[in-house]
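Taken in order, these protein sequences are the chains called A and B. Read left to right, the first sequence gives residues -6 to 153 (the numbering used here). Read left to right, the second sequence gives residues 19 to 807 (the numbering used here). Note that the Cβ used here is the ideal one computed from N, Cα and C, for glycine as well. Comments concern the structure below.
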Amino acid sequence: MEIEVTVNGVAYRRDTEPRRLLVDFIRTELGLTGTHIGCDTTSCGACTVLFDGVPVKSCTMFAVQADGHELTTVEGLRRNGELSPVQAAFKEHHGLQCGFCTPGMMLVATALLSSNPDPTEEEVRWALSGNICRCTGYTNIVEAIRSAAATMHETAGVES
Amino acid sequence: MTTTHQPATPFEMGGIGHSVRRKEDDRFIQGAGRYLDDIQLPGMLHMAILRSPIAHGRILSIDTSEAEATDGVVAVVTGEMLAAHGLAWMPTLSGDTQAVLATDKVRYQGQEVAAVIATDPYVARDALSGIFVDYEELPAITSPQQALEPGAVLIRDEKEGQTDNVAYTWEAGDKAATDEAFAKADLVVTLDTHYPRSHPAPLETCGVVADVNPATGEATIYLTSQAPHAHRTLFAIVAGLPEEKIRVVSPDIGGGFGNKVPIYPGYVVATAASLLIGKPVKWVESRSENLISTGFARDFHMHGELALTADGRILGLRASILSDQGAFYADAQPTRFRAGLFHICTGSYDFGAAHVTAKGAFTNKAPGGVAYRCSFRVTEASYLIERLVQNAAYELGMDPAEFRLKNFIRPEQFPYLSPTGFVYDSGDYHTALRKAMEMIDYEGWRRRQQEPHPEGKLIGIGIASFTEVVGAGNSRTYDIAGLKMIDSAELRIHPTGKAILKLGVKSQGQGHETTFAQIVAEELGIPFEDVKVQEGDTDNTPYGLGTYASRSTPVAGAATAVVARQIREKARKLAAHLLEASPDDLEWEPGRFFVRGVPDKGVTIQEVAFAAYTNFPEGMEAGLEGVHYYDPPNMTYPFGSYIVVVEVDPEDGTWKVLDMVAVDDCGVRINPMIVEGQITGGLTEGFAKANMQWITFDENGNCIGSNFLDYLVPTAWEAPRFRLGETVTPSPHHPIGAKGVGESATVGSPAAYVNAVIDALWSKGVRNIDMPVLPHRVWGALNGVEVAP
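Quick look at the structure:
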């Protein structure tokens, strides 16, 4: 089946099997390997991408369902050649160890901050509750996201 | 004794003690890590494994014809085919043998029976349904107690001389002295508890890409490996391949926690398939395959007894263990240690006698026994003593903190010979516990605990004051499959003063690319950003035993410091040549030699490095590099005290953490930020095991816990918050005084959580609840009702 999908601002037209999972399409057919597979059962969130701006688990969608939609993967997080505030904050606050869950965590965080620019700790933890990290114990991930919110707030303040 | 460590280098240089940000993060936060499943090679084939649906049964026939006829299938591999090459069985790390693909019987649900190699991973999985296996089902043995009953069906009937289901027996300590101690006791406290089966479940599962060149026979094996060098040697021995023709490459690893120490059947089948077909073959586990077939951990049924005096002193410890080994005895542990380092079970306490026995039983469950974020059964040992100590205090009518302070090994007793034969290198247990008590306001919580709770909740305060033994070996005592537990570092300073450090260990998220560069920065004054750290490629790194059991910093970290010091001594001679002075007249400050008394007259390490290739004195070998193999004189003994306050709801048996402090002493901290990250992750793992995370089986041997819907691991929503503290008692025998920290919190914290729940329920008559402390178990214990496990 031929589909058209925009990923990180780039339009792709590809012929793909109807049963091909979106995560396999992204990883294998587009070569964007920053999206990971951790569980196959929609439990861990390593495969999270933004689907028209909303976080979805790409292991539980077919590629053909993305026809006509816009996706953002970790490779598309940089803005104007710079790390996004979320990316920078994950490094600054040691919000990652092995890095395997990190793309999914950052995409959820990016979506959260676009709809809720100043989340409480509880709100951050709830937003992350579909994503598993086995290394960090989450403390520094939560700190990173709240710090990114503050940075974005300051930047927006300077611009306005 | 506790010290404080002030960094000797400026922050930008990033020597020891600086929380510099991690060098490896730049690629991970941009999706540019390279994990195993990201590897694509030209012509690469994909493998899927057919697994046994039953726990125990004889294989009557295997029909692969339909699978073979499927479009896109290149080959179907069975145990019989492997047997023709002598590869149907392989040795385990505990001296047993394990089936690669089953030929005679299946011995656990999920055991590997056949493999499909196809052009596409979807096709490979589809074709599994075209393999038909006839089984004659046998009774499943699902507990070690059942395994040892007279007349129990023999699981390992293929094993010569094996007439029962006993996998091993082991003992340590002094039985006569212990009996004597118990004869003198005023009081004996006992505890029977099960440390349940668990699984490390790193977020990245295990996998391999085997690429055997059909023309040269050279095999490049990309592997999710915590121990690439040891794996290369074992591949050479097991498969009979010449070692120089094997290159193991361990790429970025998405978490290991012990799961990626053993060699799994899938690795061997994929390599054999690549050898036979002449194309690269990839195999990556699904999560279910990971949870049901690889690397289980724990599963110790423990009985412990403490002999006590009426005034609150410990006289002796008796412990006996029954371990559930699964169908093959495959613990990843040093050869001479049948139950790992369980004999650390005397913990942080000073008493004269201990005697420990252990017996392992074969059951119809997956093999493994990996050291899940633990240095070989240390967490089981720590759990037993810390639970016993709390019960002892209650039985004596003492406060558990006071009881610990009375029985701790005192600072002046180090080095301390334990009754089971370990020599503890250093410690100051009183200071760590007192600090934790102060941080959490222990006395205040004890008072609040007595006040009536407005909603009828019960408050509990739990302590664990653990001592670990990590950093294997020395080579005299510790080996894995005969390979002595040393590790190495190779350091080269390039002409421009930048450096490359190559190590035999392999990071899985611990931050080696940063912390090991910081050791070089400390010793040579080269900024950590200028030191590239390379690991994982056996053709490009010196030999080592790998990263597990918290041994990277104790062993490879020591090797790094030693080789850097050797290079500094050569640099001193070069500097003397450049400064036209005697080497003895030179002083060193981070990054620079200068003439004593003339601080302006000096050369930087970068200038020296350039001279090593451009202007070295006659008679001196060119270059500035070295390699050092470090054989640790002793293990290191990190310790700490954790205190948890929980609130138990007697209505529904749920409990939550109200506050937790963790005071860790891992000796000198190379990068405090990374150390605290390790501790926070470990405390969460400990909470997981205490609260929710376990693998169990039904009476037919069906695995319950084969996915993240049944095998519960905490998310950000459930994970508690922690407050961290530290004391610093350097290891006296380690070149930089570091002890290792990756596992302390996983080892130490489970007992603290469980002790807190028991503390809340003690006045209601509850004496034990096994992990995980699930709500229905709490409710059952409170109400005196027998509940399902």
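In the DSSP assignment, the alpha helix (DSSP H) including residue i goes from what residue to what residue?
i                 : result
Leu779 of chain B : Ser762 to Leu779
Met455 of chain B : Tyr447 to Ile458
Gln164 of chain B : Pro162 to Ala165
Lys193 of chain B : Lys193 to Lys202
Lys588 of chain B : Ala576 to Leu597
Gly700 of chain B : Pro690 to Asn709
Pro617 of chain B : Here Pro617 of chain B belongs to no alpha helix (DSSP H); instead the beta strand (DSSP E) covers Val616 to Thr622.
Thr103 of chain A : Thr95 to Ser108
Gly97 of chain B  : Gly97 to Ala101
Ala517 of chain B : Looking at the DSSP string, Ala517 of chain B is not in any alpha helix (DSSP H); the run it does join, the beta strand (DSSP E), is Ala517 to Leu521.
Ile537 of chain B : His530 to Leu542
His249 of chain B : Pro246 to Ala257
Under 8 Å Cβ to Cβ from residue i, same chain only, skipping five residues before and after it: list those, please.
i                 : result
Thr234 of chain B : Lys263
Ser153 of chain A : With a pLDDT of only 45 at Ser153 of chain A, under 50, the local geometry of the prediction cannot be trusted, and the value read off the model is given with reservation. If we look at Ser153 of chain A and ignore the five residues flanking it on each side, it has no Cβ neighbours.
Identify the continuous beta strand (DSSP E) that holds residue i and give its terminal residues.
i                 : result
Thr208 of chain B : Leu205 to Ser216
Tyr647 of chain B : Glu643 to Tyr648
Ile479 of chain B : Leu476 to Thr485
Thr41 of chain A  : Thr41 to Phe44
Ala379 of chain B : Ala371 to Phe380
Arg7 of chain A   : Val3 to Asp8
Tyr153 of chain B : Phe150 to Glu155
Glu607 of chain B : Leu604 to Glu607
Between the alpha carbons of residue i and residue j, how many angstroms are there, rounded?
i                 : j                 : result
Thr485 of chain B : Phe657 of chain B : 4 Å
Ala708 of chain B : Val666 of chain B : 14 Å
Tyr442 of chain B : Gly755 of chain B : 14 Å
His566 of chain B : Gly491 of chain B : Per the sequence presented here, residue 566 of chain B reads as Tyr, with His not at that position. Cα-Cα distance, rounded: 12 Å.
His212 of chain B : Gln711 of chain B : 14 Å
Val385 of chain B : Gly344 of chain B : A quick correction: the sequence has Pro, not Val, at residue 385 of chain B. The alpha-carbon atoms of Pro385 of chain B and Gly344 of chain B are separated by roughly 5 Å.
Thr747 of chain B : Arg40 of chain B  : 25 Å
Thr26 of chain A  : Pro28 of chain B  : 38 Å
Gly478 of chain B : Asn786 of chain B : 14 Å
Glu607 of chain B : Gly543 of chain B : 8 Å
Val266 of chain B : Tyr282 of chain B : 15 Å
Leu406 of chain B : Ala190 of chain B : 19 Å
Gly798 of chain B : Val805 of chain B : 6 Å
Leu205 of chain B : Gly462 of chain B : 30 Å
Thr208 of chain B : Tyr561 of chain B : 46 Å
Tyr412 of chain B : Ala328 of chain B : 12 Å
Gly97 of chain B  : Ile498 of chain B : 27 Å
DSSP beta-bridge partners for residue i?
i                  : result
Gln116 of chain B  : B:Met108
Thr238 of chain B  : B:Asp229 and B:Arg265
Ala756 of chain B  : B:Gly685
Lys50 of chain A   : A:Thr41
Met320 of chain B  : B:Thr211 and B:Ile339
Thr(-1) of chain A : A:Ala4 and A:Glu63
Trp797 of chain B  : Note: Trp797 of chain B sits in no beta bridge, so no partner.
Arg356 of chain B  : B:Gly358
Cys721 of chain B  : B:Phe715
Trp673 of chain B  : B:Val666
Is the closest heavy atom of the ligand SAH to the C-beta of residue i under 7 Å?
i                 : result
Trp107 of chain B : The ligand SAH is absent from the structure shown, which contains no ligand whatsoever.
Which same chain residues, not among the five before or five after residue i, have their C-beta less than 7 Å away from its C-beta?
i                 : result
Leu59 of chain B  : Val227, Asp229 and Pro298
Val686 of chain B : His23, Ile34, Val746, Pro748, Ile754, Gly755 and Ala756
Gln127 of chain B : Ser70, Pro71, Ile72, Ala73, Ile310, Gly719, Asn720 and Cys721
Leu221 of chain B : Gly272 and Gly273
Pro650 of chain B : Gly489, Gly491, Asn492, Pro572, Val573 and Ala576
Got a sec? Which residues, its chain only, sit under 6 Å from residue i by beta carbon, not counting five neighbours each side?
i                 : result
Asp349 of chain B : Ser112 and Gly387
Worksheet item: Taking any Cβ of chain B, which residues in the segment 92 to 103 of chain A have a Cβ under 8 Å from it, in chain order?
Response: Cβ contacts with chain B: Gly92, Phe93, Cys94, Thr95, Pro96 and Met99.
Worksheet item: Which residues, in order along the segment 26 to 49 of chain A, keep a beta-carbon less than 8 Å from a beta-carbon of chain B?
Response: Against chain B - using a Cβ distance shorter than 8 Å - the residues of the segment 26 to 49 of chain A are Thr26, Gly27, Thr28, His29, Ile30, Gly31, Cys32, Asp33, Thr34, Ser36, Cys37 and Ala39.
Discussion item. What are the residues in the segment 41 to 56 of chain B lying within 9 Å of chain A by C-beta distance?
Written reply: Residues Glu42, Asp43, Asp44, Arg45, Phe46, Ile47, Gln48, Gly49, Ala50, Gly51, Arg52, Tyr53, Asp55 and Asp56.
Worksheet item: Listed from N- to C-terminal order along the chain, which residues in the segment 514 to 527 of chain B have their beta-carbon within a distance smaller than 7 Å of any beta-carbon of chain A?
Response: Cβ contacts with chain A come from Gln526 and Gly527.
Worksheet entry | Contacting positions in the segment 119 to 146 of chain A - beta carbon closer than 9 Å to chain B | Using a CB distance below 9 Å, the part of the segment 119 to 146 of chain A facing chain B consists of Trp119, Ala120, Leu121, Ser122, Gly123, Asn124, Ile125, Cys126, Arg127, Cys128, Thr129, Gly130, Tyr131, Thr132, Asn133, Ile134 and Val135, ordered along the chain.
Discussion item. Short of 8 Å Cβ to Cβ, which residues in the segment 63 to 78 of chain A face chain B?
Written reply: Listed in chain order, the positions of the segment 63 to 78 of chain A with a beta carbon within less than 8 Å of a beta carbon of chain B are Thr66, Val67, Glu68, Leu70, Arg71 and Leu76.
Practice prompt. Return the residues of the segment 724 to 754 of chain B that lie within a Cβ-Cβ distance of less than 9 Å from chain A, sorted by chain order.
Written response: Cβ contacts with chain A: Asn725, Phe726, Leu727, Val731, Pro732, Thr733, Ala734, Trp735, Glu736, Ala737, Pro738, Arg739 and Phe740.
Worksheet item: Going along the segment 208 to 236 of chain B in order, which residues come within less than 9 Å of chain A, judged by CB to CB distance?
Response: Answer in chain order: Pro218, Ala219, Pro220, Leu221, Glu222 and Thr223.
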